[in-house]
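Listed in order, the protein sequences are those of chains A and L.
Just so you know, we're using the UniProt record's numbering here: the first sequence kicks off at 1 and counts up by one.
Just so you know, we're using the UniProt record's numbering here: the second sequence kicks off at 1 and counts up by one.
We put the CB at the ideal spot given by N, CA and C, even for glycine.
Data block below; observations after.
Number of protein chains: 2
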Amino acid sequence: MTSATFGFAVQATCGKARAGTITTPRGDIRTPAFMPVGTAATVKAMLPGSVRATGADILLGNTYHLMLRPTAERIAALGGLHKFMNWDRPILTDSGGFQVMSLASLRKMTEKGVTFRSHIDGSRHEITPERSMEIQRLLGSDIVMAFDECTPYPADEGTARASMELSMRWAQRSRDAFGDRPGHALFGIQQGSVYADQRAESASKLRTIGFDGYAVGGLAVGEGQEKMFEVLDYAPDMLPEDKPRYLMGVGKPSDIVGAVARGIDMMDCVLPSRSGRTGQGWTARGQVNLRNARHRDDPRPLEEGCTCPACTGYSRAYLHHVIKSDEIIGSMLLTWHNLHYYQSLMQGLRDAISAGALADFTAAFHANVALGDVDLR
Amino acid sequence: MTSATFGFAVQATCGKARAGTITTPRGDIRTPAFMPVGTAATVKAMLPGSVRATGADILLGNTYHLMLRPTAERIAALGGLHKFMNWDRPILTDSGGFQVMSLASLRKMTEKGVTFRSHIDGSRHEITPERSMEIQRLLGSDIVMAFDECTPYPADEGTARASMELSMRWAQRSRDAFGDRPGHALFGIQQGSVYADQRAESASKLRTIGFDGYAVGGLAVGEGQEKMFEVLDYAPDMLPEDKPRYLMGVGKPSDIVGAVARGIDMMDCVLPSRSGRTGQGWTARGQVNLRNARHRDDPRPLEEGCTCPACTGYSRAYLHHVIKSDEIIGSMLLTWHNLHYYQSLMQGLRDAISAGALADFTAAFHANVALGDVDLR
């Protein structure tokens, strides 16, 4: 399904959780949605058709990486990011701000924006709200994120406030620079660290500016699940009910289940793909380290009943062998499995919300994880 | 098509070149055949279904690598190499001898066999003709290679003769140890370096022993194409006409075209897959280095008209980007393209032989390569 404009409709709720659909000219996005990360115009170790086969409706692209290499201008000249990376469905791009702060060197932040040196070749660059909007437009992003500062954790109230207020001024500049682009969405990002009053103030300012969706920012930055859930117990409620709510950079399966229950509609994380390149498999019984010698002679699949190519075609013994041998197929198969597992989890959450049975689903999820992988033997 | 027994039939000839079919219980192999190399139970950066999609009828597995990790006994306990690596069509395994000499340390060769230390963990191992047959049986190989010494190049007549005679004694021991295994084939390997009389003597000894197929060994070891073709001008003719002839470890596309014209039916080489991991693409216009900055803005596919996923889905600019960025998808796409190109070349050769037009095909092949890739711009 495609729609001429960007839209969002909630089809079912269960407690605070929502099951819905984001409509875009490039196709629908079923929510709650997990977005695999395609940092440098590729979901690492996957072909786009395989990513789609796992059930992904949308990918995330990274403005910081792409502006440095191959550059947004080059991608635009080649027809945009979708064509460049051979993915014709929706793409959300981040604003570049978070990754500048975590990857670039010689960073200098001012009211105007941030200057930095590339981690690839040391070249000098600048991102401002206006430049971030321009880059994301050049990439052809369907969902554009406002340029903000991801407030570090921990931050005292004064630091958090100054950071939040800067991000809100940048949110207004992002909105102004984005302009009117039918079929494309601009999302604002709530900050305010762990301070409810600041979260409320940030949400209020964003609502006044007006966005097509709203992200909960400044979480998944080292505060831990308990603290994150404390913020998620109230922060999403401050955002408009009729727009998608996006929790950036989350997370582990248990993070996702907890976030959805608290009203989050969209998430992204490198975890399933990164884990796939380090021999870690995610299953209903929790995380499995396939480098472990206990899998050496195990004829069983990584996850019984899983329909991904890793589980239908290969034993744990094979996965162990190719991971130990540093064979690329190890990364390919485990990434595929992990993304498949994540998308299956999202489908389970959507079905449970629609059936009004999220509590049962969540209880079963935790019970399965508690059983652990070793009990399978 | 499958057959209860191993067989070979020539359907067409064109000069010395033959187009035929090897029948096995695991499916037919169209000849001339190129066998992708699946060293450690994987064709690097490819899923088996993708290898099959390129047109490969058979893979090669490496006894040396597999005996060390995960071990032949472990693979046997897990149901054999086909099941282990999820490839249900024929597999040819080498004898281990060549790779012991090129990879292992502290090698010691005696009449009995060769002892060595693993390049992985330094553990001590021995391969004899008898052990090589046992390992290849444990792996479940469809086409088993006799254990031999690949005579180094250059070798003076005396050295070459001693090496060849040892290999012929080992060929007899391989034959004795292989036994009677319906549906499985044992190939003998001709040695004799660049000496026609020794090649003839080796062929005569192998024919006396009797094999299901015959390899031309001791080539593609640094002698160069001209010298290799000099040997191929007579060596294959010394082998039985009614059995497949296998040129081991060859080669570049021009090597393949020249070898087929000289009566070779089977070949294998790591070149297309290895090239795919170093940014080298093989096309009808020759080799293309996609790391070169001239591809940076090029919207065209690597090879116009190619139906592989790399060429139908991506620009040269994208391939350049992901290769420069060390993204796994670069290896995946280029390996796929290269194997696709190789299999297309084999199909072209088979069709040309069947049409009695191999000379035209060969002339067109060389004319295309001579045009070069830069002329495409």
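Helix, strand or coil at residue i [DSSP, three-state]
{"i": "Y64(L)", "result": "helix"}
{"i": "M145(L)", "result": "strand"}
{"i": "Y195(A)", "result": "coil"}
{"i": "F211(L)", "result": "coil"}
{"i": "H321(A)", "result": "helix"}
{"i": "N368(A)", "result": "helix"}
{"i": "L239(A)", "result": "coil"}
{"i": "D373(A)", "result": "coil"}
{"i": "R169(A)", "result": "helix"}
{"i": "V288(A)", "result": "strand"}
{"i": "A363(L)", "result": "helix"}
{"i": "C150(L)", "result": "coil"}
{"i": "P129(A)", "result": "helix"}
{"i": "A310(A)", "result": "helix"}
{"i": "H119(L)", "result": "coil"}
{"i": "A4(A)", "result": "coil"}
{"i": "L186(A)", "result": "strand"}
{"i": "I29(L)", "result": "strand"}
{"i": "Y246(L)", "result": "strand"}
{"i": "P253(A)", "result": "helix"}
Close beta carbons around residue i, own chain, < 8 Å, minus the five adjacent residues each side
{"i": "R69(A)", "result": "A40, I120"}
{"i": "Q99(L)", "result": "N62, T63, Y64, H65"}
{"i": "R169(L)", "result": "E111"}
{"i": "L78(L)", "result": "F84"}
{"i": "K108(A)", "result": "V114, T115, F116"}
{"i": "D142(L)", "result": "F6, T24, P25, R26, I58, P90, I91, L92, G183, H184, A185"}
{"i": "G155(A)", "result": "It should be noted that the sequence gives Ala, not Gly, for residue 155(A). Excluding residues within five positions, the ones whose Cβ falls inside 8 Å are S163, S193."}
{"i": "D242(L)", "result": "F8, V10"}
Short Cβ contact (8 Å threshold) for residue i with residue j
{"i": "R117(A)", "j": "S123(A)", "result": "yes"}
{"i": "Q343(L)", "j": "F8(L)", "result": "no"}
{"i": "A215(L)", "j": "F187(L)", "result": "yes"}
{"i": "I256(A)", "j": "G217(A)", "result": "no"}
{"i": "G97(A)", "j": "V114(A)", "result": "yes"}
{"i": "A45(L)", "j": "R285(L)", "result": "no"}
{"i": "T23(L)", "j": "F6(L)", "result": "yes"}
{"i": "D268(A)", "j": "M248(A)", "result": "yes"}
{"i": "G281(A)", "j": "H337(A)", "result": "yes"}
{"i": "S275(L)", "j": "D298(L)", "result": "no"}
{"i": "G372(L)", "j": "F361(L)", "result": "no"}
{"i": "E73(L)", "j": "L138(L)", "result": "yes"}
{"i": "residue 393(A)", "j": "A352(A)", "result": "The structure shown does not extend to residue 393(A), since chain A spans only 1 to 377, so no value can be given for it."}
{"i": "T283(L)", "j": "E303(L)", "result": "yes"}
{"i": "A317(L)", "j": "R294(L)", "result": "no"}
{"i": "A19(L)", "j": "S354(L)", "result": "yes"}
{"i": "P36(L)", "j": "A56(L)", "result": "yes"}
6 Å CB neighbourhood of residue i in its chain, flanking five on each side removed
{"i": "V194(A)", "result": "V231"}
{"i": "G258(A)", "result": "F229"}
{"i": "D233(L)", "result": "none"}
{"i": "A203(L)", "result": "Q190, M238, L239"}
{"i": "F211(A)", "result": "L186, F187, G188"}
{"i": "V369(A)", "result": "G286"}
{"i": "L333(L)", "result": "A310"}
{"i": "C14(A)", "result": "I353, G356, L358"}
7 Å Cβ shell around residue i - same chain, five flanking residues per side excluded
{"i": "T208(L)", "result": "none"}
{"i": "L345(L)", "result": "P253, I256"}
{"i": "H82(L)", "result": "D88, I91, G140"}
{"i": "P236(L)", "result": "V216, R245, R262, G263, I264"}
{"i": "S3(L)", "result": "T23, T24, P25"}
{"i": "K324(L)", "result": "R291"}
{"i": "A104(A)", "result": "F116, R117, S118, H119"}
{"i": "S50(A)", "result": "W336"}
Whole-angstrom C-beta distance between residue j and residue i, which should lie under 8 Å
{"i": "R161(L)", "j": "Q198(L)", "result": "6 Å"}
{"i": "L319(A)", "j": "G330(A)", "result": "7 Å"}
{"i": "A220(A)", "j": "V260(A)", "result": "Rounded, the Cβ-Cβ distance is 15 Å, inconsistent with contact."}
{"i": "P152(A)", "j": "L47(L)", "result": "With a Cβ gap of about 42 Å, P152(A) and L47(L) do not count as contacting."}
{"i": "E149(L)", "j": "S167(L)", "result": "5 Å"}
{"i": "S95(L)", "j": "M145(L)", "result": "4 Å"}
{"i": "P129(L)", "j": "R350(L)", "result": "At roughly 34 Å, the Cβ-Cβ gap does not stay under 8 Å, so P129(L) and R350(L) are not in contact."}
{"i": "V322(L)", "j": "T42(A)", "result": "6 Å"}
**Prompt:** What are the complete alpha helix (DSSP H) segments, minimum 4 residues, inside the segment 48-106 of chain L?
**Reply:** 48-53, 63-68, 72-77, 81-85, 97-103
**Asked** Given a limit of 8 Å on CB to CB distance, which residues of the segment 282-307 of chain A reach chain D?
**Response** No chain D is present in this structure, whose protein chains are A and L.
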